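Reviewing the structure listed below.
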Amino acid sequence: MGRNLQNGARLRPVDLARGHGLSTQAIRNYEDAGILPAAERTPHGYRTYTPLHAQALRAFLALVPGHGHRTATSIMQAVNRGATEDALRLIDESHAQLLDDRRTLQAVEAALRDLAPVPQERGDTFVGPLARRLGIRPATLRKWERAGLVRPRRDPQTGYRIYSAADVRDARLAHQLRRGGYLLEQIAPLIAQVHSAGGVAPLESTLRDWHARLSARSRAMLTGAAALDAYLDCRPAPAGDEPGTRSP
């Protein structure tokens, strides 16, 4: 099958470009980047492509939404140089990252569910009692403060740190995410979002959007896998393989 596509109808760059809303320069760039197999040249030096190149282009464009432009490029480069195992490893790594992102979302949702609403009263506390409540050292709270996770005010007379009810909420959220293995630089943006949203409740729509984005990415990976599988089926078998079979 690969040989038939390789020797099929000849296509100009514009023929490939038109079907996908691309420019002819984009087609040339994709070839130069190794996303498409090398094109043959006419006696006058013009590029000519085949249906195999069209299949490669479809595979790449299908891979991008799920894996991103950089990873999709690396996948196609690996396939086109005959390193199919490298391409499959990149796909596996991308799926692993998606699973990790889902676990991150679950941890955030669990942490947010466990947070009590900020009470209307002052609810002020000091570093020692808050550290004991969380089962951590006061030095840990001070480290979180330097990282921007909590922002206690200072008593103007004593200079002691005073944690409001909102500060306690932020510290509890940070504590739960830290126990889940998340780094301070990963936690800080979430707490900033809690602040900008005015509390935990307004983040529900953000979490729904996050779920939707992960689901869309997962579906896009399925679409990309199907297109890449079709391209692998179309590629010529390496020397020594039986026609119509893939290399191991």
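Numbered according to the working numbering, the sequence shown spans residues 3 to 250.
Beta carbons: idealized from backbone N, C-alpha and C, even for Gly.
All values derive from a computational prediction rather than experimental measurement.
Contacting residues, own chain, Cβ-Cβ under 6 angstroms from M223 (five flanking each side not counted): As a working note, residue 223 is residue 221 in the sequence shown. Excluding the 5 residues flanking it on each side, M223 has same chain C-beta neighbours closer than 6 angstroms at G68, in chain order.
Here's a check: name, in chain order, each residue in its chain whose Cβ is nearer than 7 angstroms to the Cβ of T26, leaving out the five neighbours to either side. Here residue 26 refers to the residue found at position 24 of the sequence shown. Excluding sequence neighbours, T26 sits near P15, V16, A19.
Work out the CA separation of L192 and P45 for me, nearest whole Å. Working through the sequence shown from its first residue, we reach residue 45 at position 43. Working through the sequence shown from its first residue, we reach residue 192 at position 190. When rounded, the separation of the alpha-carbon atoms in P45 and L192 is 59 angstroms.
Report the start-end ranges of each alpha helix (DSSP H) in the region 92 to 176 that is 4 residues or longer and not cut off at the edges. Segments of the alpha helix (DSSP H) lying fully in the region 92 to 176: 129 to 136, 140 to 148.
Going by beta carbon distance, what residues of the same chain come within less than 8 angstroms of G130, once the five residues before and after it are set aside? For the purposes of this step, residue 130 is taken as residue 128 along the sequence shown, with counting starting at 1. Spatial neighbours of G130 in its own chain (CB-CB distance under 8 angstroms, excluding positions within 5 residues in sequence) are listed in chain order as P140.
With C-beta atoms as the reference, is Y165 less than 8 angstroms away from A176? To locate residue 165, count along the sequence shown from 1; it is residue 163. To locate residue 176, count along the sequence shown from 1; it is residue 174. Here Y165 is not near A176, since their CB atoms are 8 angstroms or more apart.
Residue range of the unbroken alpha helix (DSSP H) whose run includes A28: Counted from its first residue, the sequence shown places residue 28 at position 26. Unbroken alpha helix (DSSP H) run through A28: 26 to 34.
Limits of the alpha helix (DSSP H) - the one that R219 falls within: In the sequence shown, the residue the question calls residue 219 occupies position 217. Segment 206 to 236, the alpha helix (DSSP H) holding R219.
Just reading off the alpha helix (DSSP H) that P45 is part of, what are its end residues? For the purposes of this step, residue 45 is taken as residue 43 along the sequence shown, with counting starting at 1. Counting along the chain, P45 falls outside any alpha helix (DSSP H), and DSSP gives it neither H nor E.
What does the alpha-carbon distance come out to for the pair A149 and P39? Looking up residue 149 in the sequence shown gives position 147. Looking up residue 39 in the sequence shown gives position 37. Distance from the CA of A149 to the CA of P39, rounded to the nearest whole angstrom, comes to 48 angstroms.
Alpha carbon to alpha carbon, how far is R269 from Q57? Residue 269 falls outside the range modelled here, since the chain spans only 3 to 250, and no answer is possible.
Rounded Cβ spacing between L63 and I77 (contact assumed at less than 8 angstroms): The count along the sequence shown starts at 1 and reaches residue 63 at position 61. The count along the sequence shown starts at 1 and reaches residue 77 at position 75. Between I77 and L63 the Cβ distance is about 12 angstroms, and since that is not below 8 angstroms, they are no contact.
Since A41 and H55 should fall inside the 8 angstroms C-beta cutoff, what is the C-beta to C-beta distance between them, to a whole number of angstroms? Translated into positions along the sequence shown, residue 41 becomes position 39. Translated into positions along the sequence shown, residue 55 becomes position 53. Contact annotation, A41 with H55: C-beta distance approximately 7 angstroms; criterion of less than 8 angstroms satisfied.
Suppose the cutoff is 8 angstroms on Cβ atoms and the five residues either side in sequence are ignored; what does the same chain contact list for N82 look like? In the sequence shown, residue 82 corresponds to position 80, counting from 1. For N82, same chain residues with a beta-carbon under 8 angstroms away, outside a window of 5 residues either side, are G36, I37, L38, P39, A58 in chain order.
Per-residue burial, T160 [other beta carbons within 10 Å of its own, 16 or more giving buried]: As a working note, residue 160 is residue 158 in the sequence shown. By the neighbour-count criterion, in which a residue is buried when 16 or more other Cβ atoms sit within 10 angstroms of its Cβ, T160 is exposed.
So for L63, helix, strand or coil by DSSP? Start at 1 with the first residue of the sequence shown, and residue 63 comes out as number 61. Residue state, collapsed to three classes: helix.
Sequence-distant residues of the same chain with beta carbon closer than 6 angstroms to A89, five excluded per side: In the sequence shown, residue 89 corresponds to position 87, counting from 1. By the criterion of a C-beta distance shorter than 6 angstroms, A89 is surrounded in its chain by I77, A80, V81, once the five residues flanking it on both sides are discounted.
Compare the beta carbon distance of A28 and L230 with 8 angstroms and say whether it is the shorter of the two. On the sequence shown, residue 28 is found 26 positions in, with the first residue counted as 1. On the sequence shown, residue 230 is found 228 positions in, with the first residue counted as 1. Cβ distance not < 8 angstroms, so A28 and L230 don't count as in contact.
Specify the secondary structure class of L179 as computed by DSSP and reduced to three states. Position 177 of the sequence shown, counted from the first residue, corresponds to residue 179. In this structure, DSSP gives L179 a helical state, which the three-state scheme calls helix.
Please state the DSSP three-state secondary structure of H22. For this step, residue 22 is matched to residue 20 along the sequence shown. Coil.
On the DSSP letters alone, give me the boundaries of the alpha helix (DSSP H) that A40 sits inside. As a working note, residue 40 is residue 38 in the sequence shown. A40 -> no alpha helix (DSSP H), and no H or E assigned at all.
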